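Asks: Following full-length UniProt numbering, the numbering of the sequence shown begins with 1 at its first residue and continues without gaps. Before anything else, here's the structure in question.
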Amino acid sequence: MDAFFASVEQLTRPTLRDRPVLVGGLGPRAVVAGASYQARVFGARSAMPMGQARRLCPHAVVLPARFALYHSLSERVMAVLADAAPVLEPVSLDEAFLEPPTLAGASAAEVERFGAQLRASVRAATGLPASVGAGSGKQLAKIASELAKPDGLRVVAPQEEQEVLAPLPVRALWGVGPVAEAGLRKLGVHTIGELAAMDLRELTALLGTAIGTELHRLARGVDERPVAPRGAAKQVSAETTFDSDLTAMTAVHDAVARMTQAAHRRLLDSGRAARTVTVKVRSADFTTSSRSATSGSGSTDLQTLTAVAQRLALTAVPEGGVRLIGVSLAGLIDDPPPALFEPGRFEAVPADSVPVGPEPDEPGSATARLDDRPWRPGDDVRHAEHGHGWVQGAGHGRVTIRFETRSTGPGRAHTFAADDGDLVRADPLESLQ
1 MDAFFASVEQ LTRPTLRDRP VLVGGLGPRA VVAGASYQAR VFGARSAMPM
51 GQARRLCPHA VVLPARFALY HSLSERVMAV LADAAPVLEP VSLDEAFLEP
101 PTLAGASAAE VERFGAQLRA SVRAATGLPA SVGAGSGKQL AKIASELAKP
151 DGLRVVAPQE EQEVLAPLPV RALWGVGPVA EAGLRKLGVH TIGELAAMDL
201 RELTALLGTA IGTELHRLAR GVDERPVAPR GAAKQVSAET TFDSDLTAMT
251 AVHDAVARMT QAAHRRLLDS GRAARTVTVK VRSADFTTSS RSATSGSGST
301 DLQTLTAVAQ RLALTAVPEG GVRLIGVSLA GLIDDPPPAL FEPGRFEAVP
351 ADSVPVGPEP DEPGSATARL DDRPWRPGDD VRHAEHGHGW VQGAGHGRVT
401 IRFETRSTGP GRAHTFAADD GDLVRADPLE SLQ
């Protein structure tokens, strides 16, 4: 999918369809979860600090993530792909591999026709653009999809594999990160073609036998990894970085409860129960500590899981303030037993504090109490007379709403008193109407 989060916002909020859009938080520590192609022209991109992205693209519309909406559309996309091939390997919400049996031994032209139909089916089901890449293996298909973006199709035929791969930077290969890239650069290796031409012994001496051998094969277009369904998740989690450090234990307890609630929703969606609760806390100096507790049986009870997480937080909170809190539920089991365990049955397992560097936030992991906060830009709203809309701006006791959904075309904006009784918070899924 192309710029998935931002494209969903532009789809359901037609006023934004040709405008630069940034999806993410507004706080001083927020990061970009998604950027539209109109914003990328100015250098904004995902995982970039939001402040930096806004400086690069000051006229961008910044919206909070609406993950319920993204998940709903992702399910529609995956349903289309599942119809096209019996085995589907999702990579993320907006990307997957498939290997249709009907394309075994097919010509490049046949693959192109299949890809065109697949793109059309995705757009018909979602209204969103998708890019399709095809090749003899996962690596080539992934690279082809990147070459096809935005909203395109690229088939790499066997006879042109080396022509396509050779000029690309080595970072285009899976497994080549900053460290490996720096090591290869010292040897004068900058492109995939140069990597493919290396002596295997020299490459394995630099990167190790396993990684060096695999990268050498990928650089030559040899990729025999099968397309296979992903295994069930081993844990569900939620975390957030705060705009300002938490210094009161009551605030920490409230944050832990919100994170547990967010992880609990994912637990229920998975249809499993959790045996282990882990709380992660990062201090202002980026020192991270974690505490875990494990039970002999699993639970799906929110009150029980929250109580355990809050108890663990008591021993994990450092002096000097809390920058980040995360809660994960692991030890997942199927068919949870009817008897729920009690908090006292957990065995706490303290983990040593380990200094680490900052990590990107998990987008959308924080769950705000909708009824307790004022209107903010991007909120979904329903009005008794005007229907569904979204907040364009709020402040000084007023709120401006743009009333539109996917099917309405650009809508009109109206301004109301912030406490107008005809305004109620709406389900983001209603914007798909």
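Beta carbons are placed, not taken as given, at the ideal position from N, Cα and C, and that holds for glycine. Computed from a predicted model, the values in this text were never measured in an experiment.
1. Quick test of your reading: Gly-133 and Ser-145, contact by CB under 8 Å. State the CB separation rounded to the nearest angstrom.
2. Determine which residues share a DSSP beta bridge with Pro-226 and list them.
3. How many angstroms separate the CA atom of Val-62 from the CA atom of Asp-427?
4. Work out the CA separation of Pro-86 and Met-78 for me, nearest whole Å.
5. From Pro-360 to Ser-107, what does the alpha carbon distance come to, in whole angstroms?
6. Taking a contact to mean a Cβ-Cβ separation below 8 Å, would you say Arg-119 touches Leu-153 in this structure?
7. When the Cα of Thr-250 is compared with those of Val-80, Ala-313, His-386, Gln-392, which residue comes out closest?
8. Under three-state DSSP, which class holds Thr-300?
9. Reducing DSSP to helix, strand and coil, say where Ala-307 ends up.
10. Here's the rule: buried if 16 or more other CB atoms are within 10 angstroms of the residue's CB, otherwise exposed. What is Ile-143?
11. At what residue ranges does the stretch 90-137 contain a whole run of the beta strand (DSSP E), taking only runs of 3 or more?
12. Please go through the UniProt region "Disordered" (405-433) and give each complete beta strand (DSSP E) segment of 3 or more residues, from N-terminal end onward.
13. At which residue ranges does the stretch 156-208 contain complete alpha helix (DSSP H) runs of 4 or more residues, listed in the order of the chain?
14. Starting from Glu-75, trace the alpha helix (DSSP H) both ways and give me its first and last residue.
15. Can you give me the C-alpha to C-alpha distance between Gly-326 and Met-259, rounded to a whole angstrom?
16. Do Ala-33 and Ala-65 have their CB atoms nearer than 8 Å?
17. Relative to the C-alpha of residue 439, which candidate in Glu-75, Lys-280, Leu-195 has its C-alpha closest?
18. Can you tell me which of the three DSSP states Glu-385 falls into?
19. Per DSSP, what are the beta-bridge partners of Gly-395 in this structure?
20. Need the endpoints of the beta strand (DSSP E) that Arg-282 sits in, please.
21. Can you tell me which of the three DSSP states Asp-334 falls into?
22. By how many angstroms is the C-alpha of Lys-280 removed from the C-alpha of Glu-319?
23. Please classify His-216 as buried or exposed, where buried requires at least 16 neighbouring CB atoms within 10 angstroms.
24. Considering just the uninterrupted stretch of the alpha helix (DSSP H) at Phe-242, what are its terminal residues?
25. Consult DSSP for Arg-45 and reduce its assignment to one of helix, strand or coil.
26. Could you pull out every residue in the same chain whose Cβ sits closer than 7 Å to the Cβ of Ala-141, ignoring the five residues on either side in sequence?
27. Classify Ala-3 as helix, strand or coil using the three-state DSSP reduction.
28. Starting from the Cα of Val-256, find the closest Cα among Pro-101, Gln-303, Leu-195, Leu-423 and give me that residue.
29. Where do the N-terminal and C-terminal ends of the beta strand (DSSP E) with Gly-34 fall, by residue?
30. Quick check: what's the CA-CA separation for Leu-329 versus Ser-290?
31. When DSSP labels each residue in this structure, what does Asp-151 get in the three-state scheme?
32. Identify whether Arg-29 lies in helix, strand or coil by the three-state DSSP scheme.
33. Mind checking whether Asp-243 and Gly-321 have CB atoms under 8 Å apart?
34. Rounded to the nearest angstrom, how far is the Cβ of Val-317 from that of Val-277, given a contact under 8 Å?
35. From what residue to what residue does the alpha helix (DSSP H) around Leu-56 run?
36. Under three-state DSSP, which class holds Ala-351?
Replies: Short version:
1. Indeed they touch by this definition, with Cβ atoms about 3 Å apart.
2. Paired residues: none, contrary to the question.
3. Going from the Cα of Val-62 to the Cα of Asp-427 covers about 19 Å.
4. When the Cα atoms are used, Met-78 and Pro-86 turn out to be separated by approximately 12 Å.
5. Note that Pro-360 scores a pLDDT of 35, beneath 50, so its modelled location is shaky and nothing firm can be said.
6. In this structure, Leu-153 lies closer than 8 Å to Arg-119 by Cβ.
7. Taking only the C-alpha atoms, the option nearest Thr-250 is Ala-313.
8. DSSP places Thr-300 in coil when its eight states are reduced to three.
9. Looking at Ala-307 - three-state DSSP - the assignment turns out to be helix.
10. That one is buried.
11. Taking only runs of at least 3 residues, the beta strand (DSSP E) segments lying wholly in the stretch 90-137 are 95-98, 132-134.
12. The UniProt region "Disordered" (405-433) contains these whole beta strand (DSSP E) runs: 413-417, 423-425.
13. Segments of the alpha helix (DSSP H) lying fully in the stretch 156-208: 161-165, 178-186, 192-196, 200-207.
14. Segment 67-84, the alpha helix (DSSP H) holding Glu-75.
15. Rounded to the nearest whole angstrom, the CA to CA distance from Gly-326 to Met-259 is 6 Å.
16. Yes. Within cutoff.
17. Absent from the model: residue 439. The displayed extent of the chain is 1 to 433, so no value can be given.
18. In the structure shown, Glu-385 sits in coil (DSSP, three-state: anything other than H, G, I, E or B).
19. For Gly-395, the beta-bridge partners assigned by DSSP are Arg-398.
20. It spans 272-283 - the beta strand (DSSP E) in which Arg-282 sits, taken as one unbroken run.
21. It is a strand residue.
22. Cα to Cα, Glu-319 sits roughly 15 Å from Lys-280.
23. His-216 comes out buried.
24. From DSSP, Phe-242 is part of no alpha helix (DSSP H) but of the beta strand (DSSP E) over 235-246.
25. Here Arg-45 sits in coil by DSSP.
26. Result list for Ala-141: Phe-97, Gly-133, Ala-134, Gly-135, in chain order.
27. Note: Ala-3 maps to coil in three-state DSSP.
28. Just measuring C-alpha positions, the residue of Pro-101, Gln-303, Leu-195, Leu-423 sitting nearest Val-256 is Gln-303.
29. Where Gly-34 is concerned, the enclosing beta strand (DSSP E) stretches over 32-35.
30. Leu-329 and Ser-290 have their C-alpha atoms spaced approximately 13 Å apart.
31. In the displayed model, Asp-151 falls within coil according to three-state DSSP, outside both helix and strand.
32. When DSSP states are grouped into helix, strand and coil, Arg-29 belongs to the coil group.
33. No. Outside cutoff.
34. About 16 Å separates the two Cβ atoms, so there is no contact after all.
35. Per DSSP, the unbroken alpha helix (DSSP H) holding Leu-56 starts and ends at 50-56.
36. Bear in mind that a pLDDT of 41 at Ala-351, under 50, signals an unreliable position, so the number given afterwards is only what the model happens to contain. DSSP places Ala-351 in coil when its eight states are reduced to three.
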